[in-house]
Every structure is written in C-alpha cells, then in structure tokens.
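S.K.:
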Amino acid sequence: MINIFYILLNPSCLACVAGADYLAWVSGFVSTYRDKILPLENPAGATLRIGGLDDTIYRDAHARVNGWGKFYLPGPVHMQVIGVVEGTSYPCDQLVLMTCEDKKVYAYDGCELHLVAPSVKELKDFEYPASKSYYKGEAFKHMTEEDWDKVRAGPVGRRLDQEHHKRVTLNKSKFLENLKKARQNRGVVR
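All the letters of the sequence shown, read from the start, carry residue numbers -19 to -1, 1 to 171 under mature numbering (1 follows the signal peptide of the UniProt record, and there is no 0).
Listed below in structure tokens is the structure:
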C-alpha cells in the first residue's frame, strides 16, 4: 500500500482551487494515482482504491451516473469519481466515492448518496452510513407548483410532452384494442 494522503493534506494542493479547477485537480490526481490503494482508518480494514468512473460497476450506466449530480443534492453539481471502498461488508455491490464543486466527499451505494467526509483532506475517517444521506428525487422535494409550472413550460417540459404525445400516437391502436378487450371481459361491450 502507498500512503499518498500527504498530497491531499497539503494545503497548496487544494486551497487555491475551486469549482471546475478543483474537479480538474481531482481528475488529475485520480489519473496519476489510479489503482493505488489507500488505507482508511474508519471502518477498520477498509481501503480506498483510487480510480475513475471507468473503474466502477457504473462505467456503462450513463443515466444513473448523470443523476448523481442532478437528482440527489439540493442543486445540480458535477460529480468526479475518486475511487471505490474495498475490504468492508457493506450490503452494496460497490461503494463509489466521489466529490463535486463543494469539495465534500460523497459515497453512492446503489440507492442513496451519502455525505461521508467534509473534504478529501478528511477522507481517511470517512463515515458510512453517513449521518446525512440523500435519496433520488430529494433535489425536488421543496419545489412549488409554480416551480413545476416553469419546468413544464421550459425546454425539458416541452420535450417530455412531445415524447409523451409520440408514444401515445404510436400505441393508440393497441391501447384502444386492449381497452375494448377489457370492456368485453367485463361484459360492458359485446
């Protein structure tokens, strides 16, 4: 095992970078140290294998990965995978660690996104299950009817309406046929 936490703890590495620059720094770090193993103090025996998205079971799950930054946290962010936790008995296929512009570290366990460390500097002591977790769709829980009206009137809402109309039009005859059969089975139509 290699101990490279000193790089993460060096203030000159992280203090001056934010937002997209921070994510670029993290991406470079992951590229440089890919497949290196870091010991974690908590939980005992756990290690972090540094790697990017392509090193996870989600490498081909683009829609799910895209959702990590859009559907869980209060606002949209860009997630950068930093690795996977190994050597634990977590009940998930793979615990993926990532960070975003807020510099906090999150873990995705297949169901929820967990805030596991306030920064990569404190990653050695990460907490899972975390005291703060986010479920898919939580980003929308405080939206008002007015907010939803704006979404429906915007490009996303229009695209969804068009897709719905297309799907209904394509399946209209099948739908009507099934409706007729259901009515016949209930004795409503002969």
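Even for Gly, the Cβ is constructed at its ideal location relative to N, Cα and C.
Going by DSSP, which residues form a beta bridge with Leu76?
M.R.: Val66.
S.K.: In three-state DSSP terms, what is Arg15?
M.R.: Here Arg15 sits in coil by DSSP.
S.K.: Could you pull out every residue in the same chain whose Cβ sits closer than 6 Å to the Cβ of Val46, ignoring the five residues on either side in sequence?
M.R.: So the qualifying residues of the chain are Tyr39.
S.K.: Can you tell me the Cβ-Cβ gap for Ala88 and Val101, rounded? I've got them flagged as a contact below 8 Å.
M.R.: Between Val101 and Ala88 the Cβ distance is about 13 Å, and since that is not below 8 Å, they are no contact.
S.K.: So what does Pro20 bridge to, in DSSP terms?
M.R.: DSSP, once it has assigned bridges, lists Thr28 as partnering Pro20.
S.K.: Just the Cα atoms here: how many angstroms apart are Leu157 and His145?
M.R.: Answer to the nearest angstrom: the Cα atoms are 17 Å apart.
S.K.: I need the straight-line Cα distance from Glu93 to Cys81, nearest angstrom please.
M.R.: So the alpha carbons of these two residues sit roughly 16 Å apart.
S.K.: Report the option in Glu119, Ile18, Pro55, Tyr53 whose CA atom is closest to the CA atom of Val66.
M.R.: Cα-wise, what sits closest to Val66 is Ile18.
S.K.: How big is the Cα-Cα spacing for Tyr109 and Gly135?
M.R.: Their backbone Cα atoms lie some 38 Å apart in a straight line.
S.K.: What do you reckon, are the CB atoms on Lys117 and Phe52 nearer than 8 Å?
M.R.: Yes; because the gap between Cβ atoms is below 8 Å, this pair is in contact.
S.K.: Sort Thr69, Gly68, Trp49, Ser70 by Cα distance to Met60 and report the nearest one.
M.R.: For Met60, the nearest C-alpha among the options comes from Trp49.
S.K.: Hey, would you say residue 254 sits closer than 8 Å to Thr37, going by beta carbons?
M.R.: Residue 254 lies beyond the stretch modelled for the chain, which goes from -19 to 171, so this question has no answer here.
S.K.: Which same chain residues end up closer than 8 Å to Val7 when comparing Cβ atoms and leaving out the 5 residues on each side of it in sequence?
M.R.: Excluding sequence neighbours, Val7 sits near Gln61, Ile63, Thr80, Val101.
S.K.: Out of curiosity, what's the CA-to-CA distance linking Gly(-1) and Lys85?
M.R.: Going by the C-alpha atoms only, they are around 12 Å apart.
S.K.: In chain order, what residues of the same chain have a beta carbon less than 6 Å from the beta carbon of Arg30, not counting five sequence neighbours either side?
M.R.: Ile18, Gly64, Val65, Glu67, listed in sequence order.
S.K.: CB-CB under 8 Å to Asp83, same chain, minus the five flanking residues each way: which ones, in chain order?
M.R.: Counting only Cβ-Cβ distances below 8 Å, and skipping sequence neighbours, we find Val58.
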